[in-house]
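Counting from 44, one number per residue, gives the positions in the sequence shown under the working numbering. Everything below concerns the one structure shown next.
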Amino acid sequence: MTFLYCKHQIILRPARPGDGKKLAPLLRAEDRAELAASHPGENPADLLESFIRRSRESFFILRCGRPAALFGVSAPGWFSLRACVWFLTGDEAAKMPVSLVRIGRAAVTRFLTLYPELYNFTDERYPAALRFIKRLGGRFDGSSKTCGNVRFLYFTFRRNSWEE
Numbered sequence: 044m045t046f047l048y049c050k051h052q053i054i055l056r057p058a059r060p061g062d063g064k065k066l067a068p069l070l071r072a073e074d075r076a077e078l079a080a081s082h083p084g085e086n087p088a089d090l091l092e093s094f095i096r097r098s099r100e101s102f103f104i105l106r107c108g109r110p111a112a113l114f115g116v117s118a119p120g121w122f123s124l125r126a127c128v129w130f131l132t133g134d135e136a137a138k139m140p141v142s143l144v145r146i147g148r149a150a151v152t153r154f155l156t157l158y159p160e161l162y163n164f165t166d167e168r169y170p171a172a173l174r175f176i177k178r179l180g181g182r183f184d185g186s187s188k189t190c191g192n193v194r195f196l197y198f199t200f201r202r203n204s205w206e207e
C-alpha cells in the first residue's frame, strides 16, 4: 500500500471503496449534522462512498489506526476549470489539529494544480469548519444558499494566477 504521509501515527493514503463506511459512524456531530442538512434522508456512509466514486482524487486519513478524515475533489465536467472540494472529519481529527491543517493545505495546493478554482458550501452553524477553511486560505464572498432551515456559506480557493 502506498502511504502519502506516515508520521506520528498519522497515515494519509488514497481513499478506496469502503473508507466512507469506515468513517461514517465516527463522524463528528457537526459533520453529521451538515450532511443531514445538505442531503436530507440520505445515509452518511452511502454519501461518503458516493463522494469517493465521483472524485477525481480522494484521500483518507487515519490516526492511530482509526479513521480521522476523508476528503477529495470532483469536477462537474471533463474540461471544467472549477471543482468541488470536500473534507469531512471524524472525532479523531480533533486530536491532530496541526497535522490536519498541514495536510489540508497540501491538499488544496495539489487540487489547485488540477483546477484553478475550488468551491463548496459549508454549514454556517459549524465554526470549526469556518476557521479550518480560512486557515487553508479559503475565502467567503458573502453568498449563501439555504437547505431546509440551514444556511450554507459559499467559499472558494483560487490559484494565484487565475482570474475569471
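Glycine included, C-beta positions come from ideal geometry on N, C-alpha and C. A quick note: this is a predicted structure, and the numbers were derived from the prediction, not measured.
- Here the alpha carbons of W129 and R75 stand approximately 14 Å from one another.
- A Cβ-Cβ separation of about 6 Å places L55 in contact with I146 under the 8 Å criterion.
- Here DSSP, grouped into helix, strand and coil, assigns F122 to coil.
- A118 places its beta carbon less than 8 Å from that of A126.
- When secondary structure is reduced to three states using DSSP, G61 falls in the coil class, being assigned neither helix nor strand.
- Selection R182, I53, K64 and P140 evaluated against E160 yields R182 as nearest (Cα-Cα).
- Using a C-beta cut-off of 8 Å, the region 136 to 145 makes no contact with the region 83 to 103, since fewer than three inter-stretch Cβ pairs fall below that distance.
- Taking C-beta atoms as the reference points, L66 and G133 count as a pair closer than 8 Å.
- Considered as a whole, the region 144 to 201 harbours 160 to 166, 182 to 190 and 193 to 201 as its complete beta strand (DSSP E) runs of no fewer than 3 residues, in chain order.
- Listed as beta-bridge partners of C127 by DSSP are S117 and Y162.
- Sixteen is the threshold: when 16 or more other Cβ atoms of the shown chains lie within 10 Å of the Cβ of R71, as they do, the residue is buried.
- Relative to the Cα of T152, the nearest Cα in the group D166, G84, F200 and K177 belongs to F200.
- Residue environment: L113 is assigned as buried (16 or more neighbouring CB atoms within 10 Å of its CB, all protein chains considered).
- According to the DSSP secondary-structure assignment, P110 is paired through a beta bridge with L105.
- DSSP lists G133 as the beta-bridge partner residues of L70.
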